[in-house]
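If you read the sequence shown in my numbering, its first letter stands for residue 80, the second for the next number, and so on. For glycine and all other residues, C-beta sits at the position ideal for the given N, C-alpha and C. Structure first, then comments.
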Amino acid sequence: MKLYVLLGYLVLATTLNVSAQSFDYGSALDAALKFYDANRCGPDAGKDNVFSWRGACHTNDAYPGGYHDAGDHVKFGLPQCWSAALIGWAMYEYPTAFKSNEDRYWRVMKYFTDYFLACHTSGSFVYQVGEGNEDHGYWGSPEKQPSSNRLIIKAPPGSDVCAEAAAALALMYLNYKSIDEGYAQKCLDAAKDLQSMAVSGLSTDPTSKSPRSSDGAGGNFYKSSSHYDDVIWGAIWLYTATGDDKYLEKVDEWVLVKNDPGDDPFQKKWAPAWDDVTMFNLVKLAEITGNEKYYNGVVFNLEWFKAGATQGKSPAGLPIVDTWAPLRYASCEAGLGYTAYRLLGYKNNTELGAFIIDYCLGKNPRNSSYITGWGSNPPKHPHHRANEPNRDGNANGMIGALVGGGTKDDFKDDVNDYVMNEVALDYNASFIFGLAAHMYFVNGGKAKNMGPSVSITSPRNNIYLPKGGEVTVNVTAKDSDGKVTK
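So this is what it looks like as structure tokens:
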């Protein structure tokens with residue numbers, strides 16, 4: 080076994096034994112990526128689209144392109160940027176999962192980043208096109224929806240959405256630079272400016288909440304509870320892309336800012352979602368810094384989720400974070416659990432992660448898939464205007480969308496049900512993250528085993544050395560399979 084020492088942790092290369100493959104996971108991942116074609120917006124929406132029923136739409140938008148948010152047609156910045164960053168992170172950590180569908184992956188990601196680049200000029204970022212209440216008054220195909228004078232919202236203010244866009248673009252740089260260095264550099268340059276905007280928009284008092292993206296005309300749709308978590312997320316990926324320590328100088332200060340009264344970032348009782356990337360931050364900061372407080376924060380959240388989260392468990396054992404679309408939260412926690420093993424060596428939630436992914440794909444009391452157009456008895460009538468523009472039972476056949484799901488292993492395939500049967504950019508991003516991580520380990524991927532199982536047997540006391548001095552340290556470490564290395 081190869082032994083590394085990194086920032087105070089002992090790191091051991093190990094392999095996780097994941098249960099045998101229950102489904103064609105590569106096919107499921109390909110389907111999940113196809114969903115994004117259904118939500119394309121702009122004059123090129125129909126170009127090479129996998130769905131023949133999608134075409135050019137909202138061609139009068141001042142900032143065309145990007146993706147519709149969910150079953151509606153607004154381009155909301157926070158969930159869109161969050162989704163792009165999460166799918167980018169999935170590729171960064173688990174690239175082998177995408178080997179059989181790389182072309183489709185890049186098609187999805189470039190449609191995100193092309194739009195972000197078009198919306199960005201130095202010191203400015205358009206993060207929303209369309210107004211939620213007005214848009215929700217329309218049910219029909221996006222191709223037929225009037226698009227003149229759609230609302231445009233720009234940052235600043237909007238530290239949260241600028242930082243999420245920065246994270247997405249920095250990840251695109253990291254993942255794409257070996258393919259197109261010039262395009263990747265454009266992404267990195269924009270990411271630097273967006274992160275600078277995000278930081279400059281923070282309050283000088285870290286205990287107060289400075290203006291967030293949703294404090295503008297965006298209103299009550301995707302109202303962010305904080306922006307410090309997003310700014311940390313952007314900082315992590317700018318640091319990773321550039322190696323410049325300046326991006327991490329204040330993260331220890333920022334991470335302490337509470338999203339809500341009583342919130343504790345190190346005892347987080349919520350799953351990662353478009354509004355909260357705290358746990359993403361902690362798992363990466365634990366990897367980067369080796370600081371045990373970050374590791375312990377990740378472990379607390381994973382164990383909280385495993386025990387039943389906020390709503391308990393479904394009869395089959397699915398932890399329920401919220402009654403609204405519990406599968407998106409569960410999918411994201413599955414990815415987090417796998418990533419905690421890959422980066423930190425914490426394996427306690429990997430079996431639960433496998434259970435969640437297989438549950439979504441059809442290994443559940445209904446023996447039914449929760450992915451539209453894929454698997455056994457999949458949903459046919461999600462709450463999605465383009466898929467069923469007339470709400471008359473004649474659906475177009477959208478493929479690859481994760482529906483919200485129920486809290487009691489139940490489901491109602493009703494186009495009007497936006498709680499159980501909605502689909503969205505962030506739902507699928509969460510599922511892609513969890514599924515890619517699952518595929519990585521099913522196919523024999525290795526993890527770093529880092530953790531507090533390391534013990535130093537001698538010397539036992541503090542030692543103070545002059546510059547250039549040396550000391551011999553005896554270290555004993557036990558990996559996740561119980562094998563001892565000295």
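### Query
Does the region 437-446 come within contact of the region 459-471, defined as at least 3 CB pairs closer than 8 Å?
The region 437-446 makes no contact with the region 459-471; the number of CB pairs closer than 8 Å stays below 3.
### Query
Does DSSP classify Leu364 as helix, strand or coil?
The residue labelled residue 364 in the question sits at position 285 within the sequence shown. Secondary structure at Leu364: helix, using DSSP grouped into helix, strand and coil.
### Straight-line gap, Leu165 to Ala247 (C-alpha atoms, nearest Å)
As a working note, residue 165 is residue 86 in the sequence shown. As a working note, residue 247 is residue 168 in the sequence shown. Computed Cα separation, rounded: 8 Å.
### Query
Across which residues does DSSP place Thr200 in a beta bridge pair?
Within the sequence shown, numbered from 1, the residue matching residue 200 stands at position 121. Looking at the DSSP assignment, Thr200 forms a beta bridge with Ser203.
### Message
Tell me the rounded alpha-carbon separation between Gly414 and Ala515.
### Response
Within the sequence shown, the letter at position 335 stands for residue 414. Within the sequence shown, the letter at position 436 stands for residue 515. In a straight line, the C-alpha of Gly414 is about 8 Å away from that of Ala515.
### The alpha helix (DSSP H) enclosing Lys442, as first and last residue numbers
For the purposes of this step, residue 442 is taken as the residue at position 363 of the sequence shown. Where Lys442 is concerned, there is no enclosing alpha helix (DSSP H), given that its DSSP letter is neither H nor E.
### Query
Touch check for the region 226-235 and the region 302-309: three-plus C-beta pairs under 8 Å?
no
### Message
Using the Cβ count rule (16 or more neighbours within 10 Å means buried), how would you classify Ala314?
### Response
Along the sequence shown, read from residue 1 onward, the residue named residue 314 stands at position 235. Ala314 is buried by the Cβ-count criterion.
### Query
For Trp592, is the classification buried or exposed, using 16 other Cβ atoms within 10 angstroms of its Cβ as the cut-off for buried?
Coverage of the chain is limited to positions 80 through 565, which leaves residue 592 absent and any answer about it impossible.
### Query
Can you name the start and end residues of the alpha helix (DSSP H) that Ala135 belongs to?
Numbered from its first residue, the sequence shown carries residue 135 at position 56. Ala135: not part of any alpha helix (DSSP H); DSSP gives it neither H nor E.
### Query
Do you know whose CA, among Tyr171, Gly341 and Glu501, lies nearest Ser257's CA?
As a working mapping, residue 257 is identified with position 178 in the sequence shown. For the residues Tyr171, Gly341 and Glu501, the minimum Cα distance to Ser257 belongs to Tyr171.
### Message
Can you tell me where the alpha helix (DSSP H) holding Ala263 begins and where it ends?
### Response
For the purposes of this step, residue 263 is taken as residue 184 along the sequence shown, with counting starting at 1. Looking at the DSSP string, the run of the alpha helix (DSSP H) that includes Ala263 is Glu260 to Ser279.
### Message
Distance check for Phe359 and Val153, CA to CA, integer angstroms please.
### Response
In the sequence shown, residue 153 corresponds to position 74, counting from 1. In the sequence shown, residue 359 corresponds to position 280, counting from 1. For Val153 and Phe359, the distance between alpha carbons rounds to 26 Å.
#### Entry: Between the CA atoms of Lys223 and Ala586 - distance to the nearest angstrom
An answer regarding residue 586 cannot be provided, because it is not within the stretch 80 to 565 covered by the chain.
### Task
Provide the residue span of the alpha helix (DSSP H) that contains Ile311, from first to last.
For the purposes of this step, residue 311 is taken as the residue at position 232 of the sequence shown. If you look at Ile311, you'll find it in the alpha helix (DSSP H) that goes Tyr307 to Thr321.
#### Entry: Alpha-carbon to alpha-carbon, Val377 and Gly144
On the sequence shown, residue 144 is found 65 positions in, with the first residue counted as 1. On the sequence shown, residue 377 is found 298 positions in, with the first residue counted as 1. Gly144 and Val377: Cα-Cα distance of roughly 36 Å.
### Message
Considering Cα atoms alone, identify which of Ser275, Trp312 and Gly150 is closest to Ser220.
### Response
Residue mapping note: residue 220 aligns to position 141 of the sequence shown, counting from 1. Ranking the options by Cα distance to Ser220, first place goes to Gly150.
### Query
Do you know offhand how far Ala277's Cα is from Val310's?
The residue labelled residue 277 in the question sits at position 198 within the sequence shown. The residue labelled residue 310 in the question sits at position 231 within the sequence shown. Answer to the nearest angstrom: the Cα atoms are 6 Å apart.
### Query
Buried or exposed: where does Thr200 fall if 16 or more other Cβ atoms within 10 Å of its Cβ makes it buried?
Start at 1 with the first residue of the sequence shown, and residue 200 comes out as number 121. It is exposed - the Cβ of Thr200 has fewer than 16 other Cβ atoms within 10 Å.
### Message
Count Cβ pairs between the region 341-355 and the region 409-425 that sit closer than 8 Å; are there 3 or more?
### Response
yes
#### Entry: 8 Å Cβ cutoff met for Pro158 and Leu504
Stepping through the sequence shown from its first residue, residue 158 is reached at position 79. Stepping through the sequence shown from its first residue, residue 504 is reached at position 425. Going by C-beta atoms, Pro158 is nearer than 8 Å to Leu504.
#### Entry: Given Phe195 as reference, the closest of Ser162, Ala176 and Glu210 once Cα atoms are compared
As a working mapping, residue 195 is identified with position 116 in the sequence shown. Of Ser162, Ala176 and Glu210, the residue nearest in Cα terms is Ser162.
### According to DSSP, residues forming a beta bridge with Tyr146
Stepping through the sequence shown from its first residue, residue 146 is reached at position 67. In the DSSP output, where bridge partners are listed per residue, Tyr146 has Arg119.
### Beta-carbon proximity list for Ser509, same chain, < 6 Å, skipping 5 on both sides
Start at 1 with the first residue of the sequence shown, and residue 509 comes out as number 430. The residues are Arg407, Ser410 and Cys411.
### Task
Hey, could you find the ends of the beta strand (DSSP E) Ile232 is sitting in?
In the sequence shown, the residue the question calls residue 232 occupies position 153. Where Ile232 is concerned, the enclosing beta strand (DSSP E) stretches over Ile231 to Ala234.
### Query
Sorry if obvious, but does the Cβ on Gly167 come closer than 7 Å to a heavy atom of the ligand COA?
Of the ligands one can find in the structure shown there are none, so the ligand COA has no counterpart to examine.
### Query
Looking at Leu253 and Tyr184, is the spacing between their C-beta atoms short of 8 Å?
Numbered from its first residue, the sequence shown carries residue 184 at position 105. Numbered from its first residue, the sequence shown carries residue 253 at position 174. The answer is no: Cβ separation not under 8 Å.
### Message
Quick check on Leu481: does DSSP put it in helix, strand or coil?
### Response
Translated into positions along the sequence shown, residue 481 becomes position 402. Strand, per DSSP.
### Task
Go ahead and label Gln207 buried or exposed: buried means 16 or more other beta carbons lie within 10 angstroms of its beta carbon, across all protein chains shown.
Taking the sequence shown and counting its residues from 1, the one referred to as residue 207 is at position 128. The residue is buried, with at least 16 neighbouring Cβ atoms inside 10 Å.
### Message
Just to confirm my understanding: we take Pro398, look at its own chain, exclude 5 residues before and 5 after, and list those with CB closer than 6 Å. What are they?
### Response
Position 319 of the sequence shown, counted from the start, is the residue given in the question as residue 398. If we look at Pro398 and ignore the five residues flanking it on each side, its Cβ neighbours are Phe384, Gly387, Ala388 and Lys392.
### Query
In whole angstroms, what is the alpha-carbon distance linking Phe434 and Asn428?
As a first step, residue 434 is located in the sequence shown; it is residue number 355 there, counting from the start. As a first step, residue 428 is located in the sequence shown; it is residue number 349 there, counting from the start. About 10 Å.
### Task
Kindly indicate which residue of Pro461, Leu440 and Glu501 has the alpha-carbon position closest to the one of Leu108.
Along the sequence shown, read from residue 1 onward, the residue named residue 108 stands at position 29. Ranking the options by Cα distance to Leu108, first place goes to Leu440.
### Message
DSSP three-state label for Glu501, please.
### Response
Taking the sequence shown and counting its residues from 1, the one referred to as residue 501 is at position 422. Reduced to three states, the DSSP call for Glu501 is strand.
### Query
Tell me the DSSP bridge mates of Ile71?
Residue 71 lies beyond the range of the chain shown here (80 to 565); nothing can be said about it.
### Query
Can you find a C-beta in chain B that's less than 8 Å from the C-beta of Asn228?
Looking at the structure shown, chain B is missing, and only one protein chain is on hand.
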